[in-house]
Every structure is written in C-alpha cells, then in structure tokens.
Amino acid sequence: MLPIPAEELNGSGTLGPYWTFYRAVAAEQLTRWLPSQPSVILDLSGGRGRWSGQAGRAGHRVIEVLDFRRTVDAQSRLRDADRVRHVRADDLSFLPDESVDAVLAEERAMSVELMAESAMSDVARVLRPGGRALVCVDSLVLGMAILAEQGQWQHLRQTGEVMLVPWPDGSITRCFSSGQLRELLAGTGLEVEWMRPRTVLSPSTVDHVLSSDARALSYLVRTELEAHPDDDDTVGIHLVASARKR
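Everything in the sequence shown is counted per the numbering used here, starting at 1 for the first residue and increasing by one.
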C-alpha cells in the first residue's frame, strides 16, 4: 500500500471513499475492543467526541479529556452529556491511581504528544490491573513519506531513532515502527495483546470497490478486520495496538 499524501490525512482531500472506509474500520475495531461489561473509560483522543460518544452509547461511563488546542464540537458534547464527562486538563494528575478500566488514545494522540513515554506512564498509572489501552499512532511509513515529499532525504535512513516529522501546518508528529510502539507500551508495564496497521487495503482498492457498489462497505470492513498483519509496519499510515496492564 502506498502512503497517503500528507494533504489527504485530514480527510478533506480527494480520497472520500477511503476515509469513509477508514472511519468504518476504526468504529468497528472500537466496538470489538470495548469491555463487555459497563466500565469507566478514559478518552485521550483529543476532544472531538466521536470515540467517547461511541463508548457512551455502548453503555460505558466516559471521561473525555479535552484538548485546549482544538475547537470542540458543541453539538456532540450536548448529545452525549448524560454519558460523557468532559475535563480540560494538561495531564492526568486529576485522576487517582487505578481509577479507570480502559483508555482510548485514538486520533494519533501519542504521536501528537511528543513526550509519549511520560504520557503512557500516566496511562498505566490510572489503569486498574487488567485494564486495557487502545493506542493509535502515525507509522514510520507515513513519516518517511512526508519527509520524502519535503525532500528531507538525509533523514530517511534514521529509522532506528525517534522520528519527529514537521508537517506543512507547523505541527510536529512522532512516527513509530511497530518495534518502537511495542517498546513504548512495554516500557510502562503494559503487555501488548495485538498490534497492526489500521488498514491494509489500499485507497485505490477501496475506491474501485465502492465506486462499483456502495453496499460493499461492510464487506470491505469485514475483509480488513479478518486480515492478520500483526506487527507489519511496512503498510498503512497508522499503527493500532491494544495493551493490557498486568
């Protein structure tokens, strides 16, 4: 799968069918991952409401940490107000040890958080024993693609080091190989259950299938989730991992 151009990563470019598919895959992954019993879930995914709303509607109590740097959708906050508690905070010091059952770190949260080791240590602290974390990060493939677009050839061989990639909007993202993501999680005492690219099917494949039959979306999602490219960081713009606190 070829990396998606940087200008497409906000979902506003020409790859509309692919992003429809991507969001459907992410939603189904979360549905399968959420605890089977009502639980307390911490959402660190940036205050956009989609993940916390889905967890709330599944019967869970959600604490959503809002990002000061982003505008929050007021409608989503009102819609899910009875299920989701919103907190504006720079860190997790407002939560006691072992106080939540699960943590969502979607929306590339640990890539935007450059001090990911410190953030993940806080996640491990607030998780109860047996609690789980779902983490999505930018992949090394994506980072190398962006650097290539910028002509930063001298950095493309530094794959064994921390890769910090400047974006056209001035932000910086931290990109991970599967080994680096595994090391990040294990370093905080979390045991990796599984790790995979978010999507393996290419945008061109998805576009071709959906342009032929829009009803094929559920088939594509099922095909994606039945694939088992564990730890494969040679495809996909994002890596997703589930880890459990021992």
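By construction, the Cβ of each residue, glycine as well, lies at the ideal position given by its N, Cα and C atoms.
- Looking only at R246, H238, P35, D122, the smallest Cα-Cα distance to D101 is reached by P35.
- No Cβ-Cβ contact shorter than 8 Å links R246 with E193.
- Nearest neighbour of E113 by Cα position, chosen from A216, Y219, C136, I146, turns out to be C136.
- For E191, the enclosing beta strand (DSSP E) has its first and last residue at 190-197.
- A89 sits in coil when the DSSP states are folded into three classes, being neither helix nor strand.
- Here DSSP, grouped into helix, strand and coil, assigns I146 to helix.
- Around the C-beta of S118, fewer than 16 other C-beta atoms lie within 10 Å, and the residue is accordingly described as exposed.
- Rounded to whole angstroms, the Cβ separation of L140 and F176 is 6 Å, and the two are in contact under 8 Å.
- Judged by their CB atoms, E98 and L127 are nearer to each other than the 8 Å cut-off.
- Across the set V103, G179, L239, R198, the C-alpha of R198 shows the shortest separation from the C-alpha of T223.
- When R57, V206, S45, A24 are compared, the shortest CA-CA separation from P38 is found for R57.
- DSSP places D43 in the uninterrupted beta strand (DSSP E) bounded by 40-43.
- Distance from the CA of R32 to the CA of W167, rounded to the nearest whole angstrom, comes to 32 Å.
- If you draw a 10 Å sphere on the C-beta of R196, you find 16 or more other C-beta atoms in it, and that means buried.
- In the structure shown, A227 adopts coil according to DSSP, grouped into three states.
- Between the alpha carbons of A216 and D138 lies a gap of roughly 27 Å.
- Between E28 and V206, the gap from beta carbon to beta carbon reaches 8 Å or more.
- Contact between V62 and D43 holds, since their C-beta atoms are separated by about 6 Å, short of 8 Å.
- By the 16-neighbour rule on beta-carbons within 10 angstroms, R50 is buried.
- Between D122 and L147, the C-beta spacing is not below 8 Å.
- T20 and P203 have their C-alpha atoms spaced approximately 11 Å apart.
- Contact between G53 and V84 holds: their C-beta atoms lie close to 7 Å from each other, under 8 Å.
- Residue pairing by DSSP puts E64 in a beta bridge opposite D43, H86.
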